[in-house]
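Here is the structure we will look at.
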Amino acid sequence: MGGIKKFHIFVSALLVVCVLLVACSNEKAIENSKGPIIIRVATVQPDNHSITIALNKMKKYIESKSNNKYEVRIFGNGVMGGNSETLELLQFDTLDLVATSGSNLELYSDAYKIFGIPYLFKDERSFRKVMQNEDFVNKIYNSTLNANIKGVQWFANGVNNFYSPKKIENAEDLKGLKVRVQASEANVNMVRGFDAAAVVLAYGEVYTALQNKVIDVGTNPETALVQMKHGEVAKYYSKTEHQIFTDILIANTKFLDRIKEDEDLFKNAYKLVNEVQVKEWDKQIQNLRAEAIEMGVEFIDVDKTSFIEAQKPVRDKLLASSEELQNLFKLVQKIQGE
Numbered sequence: 001m002g003g004i005k006k007f008h009i010f011v012s013a014l015l016v017v018c019v020l021l022v023a024c025s026n027e028k029a030i031e032n033s034k035g036p037i038i039i040r041v042a043t044v045q046p047d048n049h050s051i052t053i054a055l056n057k058m059k060k061y062i063e064s065k066s067n068n069k070y071e072v073r074i075f076g077n078g079v080m081g082g083n084s085e086t087l088e089l090l091q092f093d094t095l096d097l098v099a100t101s102g103s104n105l106e107l108y109s110d111a112y113k114i115f116g117i118p119y120l121f122k123d124e125r126s127f128r129k130v131m132q133n134e135d136f137v138n139k140i141y142n143s144t145l146n147a148n149i150k151g152v153q154w155f156a157n158g159v160n161n162f163y164s165p166k167k168i169e170n171a172e173d174l175k176g177l178k179v180r181v182q183a184s185e186a187n188v189n190m191v192r193g194f195d196a197a198a199v200v201l202a203y204g205e206v207y208t209a210l211q212n213k214v215i216d217v218g219t220n221p222e223t224a225l226v227q228m229k230h231g232e233v234a235k236y237y238s239k240t241e242h243q244i245f246t247d248i249l250i251a252n253t254k255f256l257d258r259i260k261e262d263e264d265l266f267k268n269a270y271k272l273v274n275e276v277q278v279k280e281w282d283k284q285i286q287n288l289r290a291e292a293i294e295m296g297v298e299f300i301d302v303d304k305t306s307f308i309e310a311q312k313p314v315r316d317k318l319l320a321s322s323e324e325l326q327n328l329f330k331l332v333q334k335i336q337g338e
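54 is the number that full-length UniProt numbering gives to position 54 of the sequence shown; each next residue is one higher, with no gaps.
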């Protein structure tokens with residue numbers, strides 16, 4: 001029975017993809033004969049998220065500057081599926097652009113694992129300096145070309161810090177504590193590097209887990225304190241800055257070929273989407289911090305020295321697994337030192 005059920009699920013999923021492919025193929029045939037060229041963009045984020053706000057600015061820019069040669073359709077709120085599904089649709093050329101977490105792209109390229117290295121960046125300012133370096137980002141963006149997709153822009157996605165009902169001021173304070181992580185080998189190894197226990201939990205389960213002491217520590221940007229109300233059960237937020245991630249706007253390579261004659265227009269659009277998103281993200285984070293303080297959360301500035309030292313063996317082990325990661329790591333260090 002289990003096998004039959006799985007087969008039915010597989011067939012249903014395949015039918016959905018086929019319907020989407022046929023619909024989009026028919027639509028593209030119409031586009032070639034008359035009307036604007038349709039550009040389909042997907043994100044799992046809601047309408048009020050900084051990424052969706054920025055994508056809508058990009059839409060207006062492209063349509064206006066091209067005299068409506070292009071029509072940009074934004075599919076937000078995960079209506080085209082989760083991150084995995086939208087990336088698959090991108091590869092099928094059903095979608096043209098997808099905004100997704102860099103960690104989701106690790107399946108397509110080891111280069112994206114660089115962002116999982118603890119203390120890769122000195123701080124968020126250094127992270128942004130690195131992401132503005134064309135040599136570095138092009139190495140990242142081009143690393144997925146064999147999957148027929150290519151990054152075209154990056155988004156700010158926050159800084160991971162530790163928060164807990166207990167004060168965490170140095171690496172020693174983490175010893176023996178239970179720390180929630182996503183299902184990632186790099187994250188599990190990071191927590192073990194602090195002599196703590198890694199507990200894999202879904203994001204939606206963190207509040208209850210903190211409340212019931214299933215875990216002692218969460219690790220997320222400030223958004224979790226207010227939007228997920230974690231600040232109600234974890235009153236100390238330590239600015240350890242142990243991981244800084246990025247979201248990526250990634251394109252289907254066939255789409256990039258189709259818009260080749262307007263490449264400069266789109267490059268300017270990608271630049272705009274980054275500027276708008278980063279500015280909006282910073283504004284939202286500032287507002288969320290103020291809300292968290294009103295909830296009674298105490299923000300703790302820590303000396304990161306002990307945390308960095310504890311993670312060196314973890315970092316070295318990950319780098320030893322890949323020459324590509326070693327080269328990217330050296331480049332990051334060079335850029336940060338400039």
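Cβ atoms here follow ideal geometry from the backbone N, Cα and C, with glycine treated the same way.
In this structure, DSSP gives Q182 a state outside helix and strand, which the three-state scheme calls coil.
Membership of D247 in the beta strand (DSSP E) is indicated by the continuous run Y236 to N252. Assigned with DSSP and collapsed to three states, Y119 falls in coil, not helix or strand.
The count of Cβ pairs closer than 8 Å, one atom from the stretch 53–66 and one from the stretch 258–276, reaches three, so the stretches are in contact. Assignment of N133 by DSSP, reduced to helix, strand and coil, places it in the coil class. Counting every other CB atom within 10 Å of its CB across the protein chains shown gives L318 a total of 16 or more, marking it as buried. Here E222 carries a coil assignment [DSSP, helix/strand/coil]. Ranked by Cα distance from E298, the first of K150, S164, P46 and L95 is S164.
In this structure, R180 and E222 do not form a Cβ contact; the two beta carbons are roughly 16 Å apart against a cut-off of 8 Å.
Contact annotation: L272 and Y61 have beta-carbon atoms nearer than 8 Å. Contact between S238 and I168 holds: CB atoms are separated by about 4 Å, below the 8 Å threshold. A distance below 8 Å separates the beta carbons of V152 and Y270.
A direct Cα-to-Cα measurement between A202 and A183 gives close to 8 Å.
Pairing G82 with L325, the inter-Cα distance amounts to about 27 Å. DSSP places D301 in the uninterrupted beta strand (DSSP E) bounded by E298 to D301.
Within the model, the alpha-carbon separation for L210 versus I259 is close to 49 Å.
Using a C-beta cut-off of 8 Å, the stretch 305–313 makes no contact with the stretch 86–97, since fewer than three inter-stretch Cβ pairs fall below that distance.
Below 8 Å, enough C-beta pairs join the stretch 101–120 and the stretch 133–149 to call them touching: three or more. Only residues of its own chain outside the window of five on either side were considered, and among them V130, L328, L331, V332 and I335 have a CB closer than 8 Å to the CB of F136, listed in chain order. Around the Cβ of T208, a 10 Å sphere holds fewer than 16 other Cβ atoms; the residue is exposed. T86 places its beta carbon 8 Å or farther from that of V72. If you look at G151, you'll find it in the beta strand (DSSP E) that goes I149 to S164. In this structure, the beta-carbon distance from P118 to H230 does not fall below 8 Å. For the beta strand (DSSP E) assignment, the uninterrupted runs of no fewer than 3 residues enclosed by the stretch 53–101 are, from N- to C-terminal side, 70–75 and 97–101. Closest in C-alpha terms to D123, from the list E275, G176 and G158, comes G158. Sequence-distant partners of I300 (beyond 5 residues in either direction) whose C-beta falls short of 8 Å from its own C-beta, in its chain, are K167, I168, E169, Y236, Y237, S238 and K239. Annotation: Q277 to P36 spans about 26 Å, alpha carbon to alpha carbon. Assignment of beta-bridge partners to I335 by DSSP yields no partner. Under the three-state reduction of DSSP, I308 is assigned to helix.
In the same chain as T219, and ignoring 5 residues on each side of it, the C-beta atoms closer than 6 Å to its own belong to N160 and F162, in chain order. For L225, the closest C-alpha among the options A54, G204 and N138 is that of G204.
Contact between A54 and F75 fails: their C-beta atoms lie close to 15 Å from each other, not under 8 Å. For A234, the closest C-alpha among the options F194, D195, I293 and G116 is that of I293. When rounded, the separation of the alpha-carbon atoms in N187 and I39 is 36 Å.
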